[in-house]
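Asker:
Numbering (full-length UniProt numbering), first residue to last: 1 to 501.
#1: Of the residues 65, 51, 187, which one's Cα is nearest the Cα of residue 438?
#2: With a CB to CB cut of under 7 Å and the five nearest residues on each side skipped, what residues in its chain are close to residue 508?
#3: Helix, strand or coil: how does DSSP classify residue 426 here?
#4: Cα-Cα, which of 318, 309, 138 is closest to residue 104?
#5: What residues are listed by DSSP as bridge partners for residue 237?
#6: Taking contact to mean 3 or more Cβ pairs, one atom from each stretch, closer than 8 Å, check whether the region 323-330 and the region 295-312 are in contact.
#7: Output the residue ranges of the alpha helix (DSSP H) runs that lie fully inside the region 284-317 and measure 4 residues or longer, sorted by chain position.
#8: Would you kindly check if the distance between the Cβ of residue 286 and the Cβ of residue 146 is under 8 Å?
#9: Could you tell me which residues DSSP puts in a beta bridge with residue 242?
#10: At the level of alpha carbons, what is the spacing between residue 56 and residue 282?
#11: Find out if the Cβ-Cβ distance for the pair residue 278, residue 329 is shorter than 8 Å.
#12: Do the CB positions of residue 154 and residue 65 come within less than 8 Å of each other?
#13: With distances taken Cα to Cα, identify the nearest neighbour of residue 424 among 461, 319, 244, 52.
#14: Can you round the beta-carbon distance between residue 342 and residue 436 to whole angstroms, since I take them to be within the 8 Å contact cut?
#15: Considering only the beta carbon of each residue, do residue 571 and residue 257 sit closer than 8 Å?
#16: Looking at the structure shown, is residue 114 part of a helix, part of a strand, or coil, going by DSSP?
#17: State the start and end residues of the unbroken alpha helix (DSSP H) segment that holds residue 279.
#18: Using only CA atoms, which one of 260, 275, 446 lies nearest to residue 241?
#19: Shorter than 8 Å from the beta carbon of residue 168 to some beta carbon of chain B?
#20: Mark residue 459 as exposed unless 16 or more other C-beta atoms lie within 10 angstroms of its C-beta, in which case mark it buried.
#21: With respect to the alpha helix (DSSP H) encompassing residue 510, which residues constitute its N-terminal and C-terminal limits?
#22: Relative to the C-alpha of residue 432, which residue among 10, 128, 92, 182 is closest?
#23: Pull up the distance between the alpha-carbon of residue 126 and that of residue 413, whole angstroms please.
#24: Which residue from 246, 253, 259 puts its Cα closest to that of residue 271?
#25: Write down the C-beta distance between residue 280 and residue 157 rounded to the nearest angstrom, noting that I regard them as a contact closer than 8 Å.
#26: If the criterion is Cβ atoms closer than 8 Å, does the pair residue 308 and residue 408 meet it?
#27: Counting only the same chain and skipping the five closest in sequence on each side, list residues whose C-beta sits under 6 Å from that of residue 150.
#28: Hey, how far is the Cα of residue 426 from the Cα of residue 193?
#29: If you draw a straight line from the alpha carbon of residue 173 to that of residue 54, how long is it in whole angstroms?
#30: So what does DSSP say about residue 131, is it helix, strand or coil?
#31: Please work out which residues of its chain come closer than 7 Å, Cβ to Cβ, to residue 306, disregarding the five sequence neighbours upstream and downstream, and give them in chain order.
#32: Which term fits residue 170, buried or exposed, when burial requires 16 or more other beta carbons within 10 angstroms of its beta carbon?
#33: Answer with buried or exposed for residue 419, where buried requires no fewer than 16 other C-beta atoms within 10 angstroms of its C-beta.
#34: How would you label residue 466, buried or exposed, when you count the other beta carbons within 10 angstroms and need 16 or more for buried?
#35: Rounded to whole angstroms, what's the CA-CA distance from residue 434 to residue 340? Just pull it up for me.
#36: May I ask you to report which of helix, strand or coil DSSP gives residue 334?
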């Protein structure tokens, strides 16, 4: 071999070593002295005496398409350092303020904890010069690694799935029942402020609604999606997958639209999301949504109904229905439907709460008080006068309300019977199938975006929640949109902007 090729190989090896060292500095998760010693001892024991069990864990993760991420997580756990020591090292070596400075993960996490809540406060803290902190572009490169676009793409859940596999393994080691990886898929839509923003790094425009060529077209949605690429996003549909046999949640993909979600568009989003989770080995047995008219039409269409549910007089149960459809990606297993009963209840509670004296909806006009007291008096007046009326007035429920009630009762009963037969020894927790869990996500997203959730900052707010830098929920009242979500902390990685997503 020529001397030139030998020199080239040496340079390549040197560059590779430098790249690996840089990666270790960027991705290392630090511990204190005692924890570091314990982790080193545990890691040494596992790598020496339990290689077969470790390989089984890798193989299990590979079934879900996240084997490479599992190996990266293990490497980060093994190659850890003292957090306090690393922070002091950062303060000493990064006094120059140069853009070429390298920062440890502990410093990045501390900086993100402030920056994600208030960029202005972070700039003020950095300007004091008391602490040496990373620049904005460095922090944005970390949040950008979790900045996923709309649509059902593997990269939006694969890191969470890797954490879920570890979670399942830890449950078994702790003597708990293993997870069956069978869950409920909850979805809801939120109206956002239409706003466009240009991303100079990725050379893309953020805030546009999805086009039909961005969907996998599992349903006929071409009539509902415009082929135009200039319509701004006004509504976003967010999915959340919750394991029914453990306490783990996965923030799913989201979809954007310039108009309110109709049944065809919702069906396409649902099928794509169910398929995405199924490809990662996570099955879906229950779908939960609110009682919007488009959702009601969608539910009926999936099991061969349209219009009002019939009442079959003469049958043993004339009101019985079967809100269930076949899972097209995991036959012959079914998927049941459930309308979230807390949505309507919470809306009424919120309206009454805001109408109390001094509330936002209580006001005085021409000496007449409108609000809480007027609602109570109206109810008492109507209730007392109802018995005085003749029997020509019949008590009734609106047909939409009655249909939603039938879906809730029969859908939940059928699901429980199927689930308990499919997974004996497990139980169904009603709190796990509440649609308010997605509202909890929306509250966190609004908190991280300063209270104004728009089409441009939605992806960033979701990314901040994924790295667990924002843990607060919207404090609108006890047990109201403040349900706890069990989403593990994801390892921080930097976004590579010169590569195509």
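From the three backbone atoms N, C-alpha and C, an ideal C-beta is built for every residue, glycine too. Only a predicted model underlies this, so the values are computations on that prediction, with no experimental measurement involved.
Answerer: The answer reads as follows:
#1: Looking from the CA of residue 438, the closest CA among 65, 51, 187 belongs to 187.
#2: Here the chain comprises residues numbered 1 to 501, so residue 508 is not present and cannot be evaluated.
#3: DSSP places residue 426 in coil when its eight states are reduced to three.
#4: For residue 104, the closest C-alpha among the options 318, 309, 138 is that of 138.
#5: According to the DSSP secondary-structure assignment, residue 237 is paired through a beta bridge with 189, 255.
#6: Because the criterion of three Cβ pairs below 8 Å is met, the region 323-330 and the region 295-312 touch.
#7: DSSP runs (the alpha helix (DSSP H)) wholly in the region 284-317: 293-302.
#8: With respect to the 8 Å criterion, residue 146 and residue 286 are not classified as neighbours on the basis of their beta carbons.
#9: In DSSP, residue 242 forms a bridge with 184, 249.
#10: Their backbone Cα atoms lie some 19 Å apart in a straight line.
#11: In this structure, residue 278 lies near residue 329, with their beta-carbon atoms less than 8 Å apart.
#12: Result yes, Cβ atoms of residue 154 and residue 65 sit closer than 8 Å.
#13: Nearest to residue 424 by C-alpha distance, out of 461, 319, 244, 52, is 244.
#14: Confirmed, Cβ separation roughly 5 Å.
#15: A question about residue 571 goes unanswered here, because the residues of the chain that appear run from 1 up to 501.
#16: In the structure shown, residue 114 falls within a helical segment according to DSSP collapsed to helix, strand and coil.
#17: Element bounds for residue 279: 263-279.
#18: The residue with the shortest Cα to Cα distance from residue 241 is 275.
#19: No chain B is present in this structure, which holds just one protein chain.
#20: Buried, by the Cβ-count rule.
#21: Residue 510 lies beyond the stretch modelled for the chain, which goes from 1 to 501, so this question has no answer here.
#22: Of 10, 128, 92, 182, the residue nearest in Cα terms is 182.
#23: If you draw a straight line from the Cα of residue 126 to the Cα of residue 413, it comes to about 57 Å.
#24: Nearest option by C-alpha distance: 253.
#25: Yes, residue 280 and residue 157 are in contact; Cβ-Cβ is about 7 Å, under 8 Å.
#26: Not in contact: residue 308 and residue 408 (Cβ atoms no closer than 8 Å).
#27: The beta carbon of residue 150 sits closer than 6 Å to those of 210, 254, 255, 256, all from its chain and outside the five residues before and after it, given in chain order.
#28: Annotation: residue 426 to residue 193 spans about 43 Å, alpha carbon to alpha carbon.
#29: Spanning the two alpha carbons is a distance of roughly 13 Å.
#30: Here residue 131 carries a coil assignment [DSSP, helix/strand/coil].
#31: Result list for residue 306: 300, in chain order.
#32: Under this definition residue 170 is an exposed residue.
#33: Its Cβ being crowded by 16 or more others within 10 Å, residue 419 is buried.
#34: For residue 466, the number of other beta carbons within 10 angstroms of its own is at least 16, and it is reported as buried.
#35: The alpha-carbon atoms of residue 434 and residue 340 are separated by roughly 6 Å.
#36: When secondary structure is reduced to three states using DSSP, residue 334 falls in the strand class.
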